[in-house]
Amino acid sequence: MSESPKKYKSKWRHHYRMVVLNDDTFEERFSLKLTRLNVFVMTVVSAVILIGLTTLFIAFTPVREFIPGYSGIDNRPQTMALLRETDSLKSQLAINEQQYDRIQMVLSGNITSEEYERIDSIARVETAASADFSISREDSLLREEVAREDRYNVLEGATARTNFVFYTPVKGSISNGFNVKERHYAVDVTAPVSTPIKAAAPGTVIFSGWAAQTGYTILLEHSNGLITVYKHCETLNKEQNDQVLAGEVIASVGNTGELTNGPHLHFELWSNGYPLDPTNFINFE
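Numbering (UniProt numbering), first residue to last: 1 to 285.
In structure tokens form, the structure reads like this:
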């Protein structure tokens with residue numbers, strides 16, 4: 001049976017005495033008259049005061065710096081500067097990765113299937129024209145012309161925005177020309193050993209070193225996404241990050257590397273990741 005409301009209230013207001021006695025003499029030292037309601041109210045008030053004081057202590061003293069996740073006003077400019085620097089580093093890292101991939105592709109001579117299909121469009125058009133389809137000769141010639149224009153318009157747009165003319169890296173006879181079908185994206189120019197090799201255009205050295213298959217190799221990056229490659233050199237006269245001028249000697253003809261059959265310069269011309277026939281822009285003989 002539940003208690004009546006009056007009896008319940010009387011319990012909260014019933015008086016109790018808290019007495020402090022001397023343990024030896026039993027002399028009363030201190031006494032306090034309390035009720036359950038008094039104890040409850042004092043406990044709640046004390047808790048609120050304690051929480052308030054703790055909050056003020058943390059908010060207005062250096063202790064707040066030790067709270068995980070707290071970012072003080074004084075640290076906000078530094079935090080924003082770090083965030084901007086992080087974004088800048090991410091952007092620079094992405095650019096460096098793209099440049100590294102491009103250098104790797106140029107050094108290895110490998111390109112993606114999409115790029116190869118675009119470069120190899122002439123061969124595919126010629127194959128289709130020779131097949132037994134009911135396509136007129138004029139239609140085949142038109143397709144071939146469109147493919148040729150698509151093949152070279154990459155460099156045309158780049159060279160049109162530049163104010164330099166390609167300089168002949170080395171004079172000699174071409175022993176192996178640019179051949180898309182054989183994936184030989186270069187021209188091999190035979191010349192005596194130690195013949196000076198000159199930069200085809202002004203630019204920056206992005207690679208200068210040794211490769212097992214191509215021997216001493218040097219890569220120059222020019223404006224508008226152009227890259228020239230010089231392989232099988234005997235010596236290298238420039239180091240990475242060096243600035244070079246058009247016609248400046250950067251290396252000498254050699255016979256280094258595994259993929260060589262005599263002294264020659266293996267010269268490549270790339271535009272935004274696409275290999276191009278150097279003989280369309282440079283006279284080697």
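Ideal placement from N, C-alpha and C gives every residue a C-beta, glycine not left out.
A straight line joining the alpha-carbon of D242 with that of T61 spans about 55 Å.
Linking T86 to Q78 through their CA atoms gives a straight-line distance of about 12 Å. Residue pairing for R17: DSSP places it in a beta bridge opposite K33. In the DSSP assignment, E221 is bridged to T204, I227. Put simply, of H14, T279, A251 the residue whose alpha carbon is nearest the alpha carbon of F166 is T279. Restricting attention to V39, R17, V48, H232, the CA atom closest to the CA of R29 is found in R17. For R36, the CB contacts under 6 Å within the same chain, skipping 5 residues up- and downstream, are W12 in chain order. Distance from the CA atom of I197 to the CA atom of L82, rounded to whole angstroms, is 46 Å.
A contact is defined here as three or more CB-CB pairs under 8 Å, and the segment 214-222 fails this definition with respect to the segment 172-180. Between E268 and V205, the gap from beta carbon to beta carbon reaches 7 Å or more.
For S175, the enclosing beta strand (DSSP E) stretches over residues 173-176. Under the three-state reduction of DSSP, G209 is assigned to strand. Rounded to the nearest whole angstrom, the CA to CA distance from L56 to P68 is 17 Å.
In the assembly as shown, I49 is an exposed residue. Its beta-carbon has fewer than 16 other beta-carbons within 10 Å.
In the structure shown, the three-state DSSP call for P196 is strand. Counting only residues of its own chain and dropping the five nearest sequence neighbours on each side, Q98 has no CB closer than 8 Å to any other CB.
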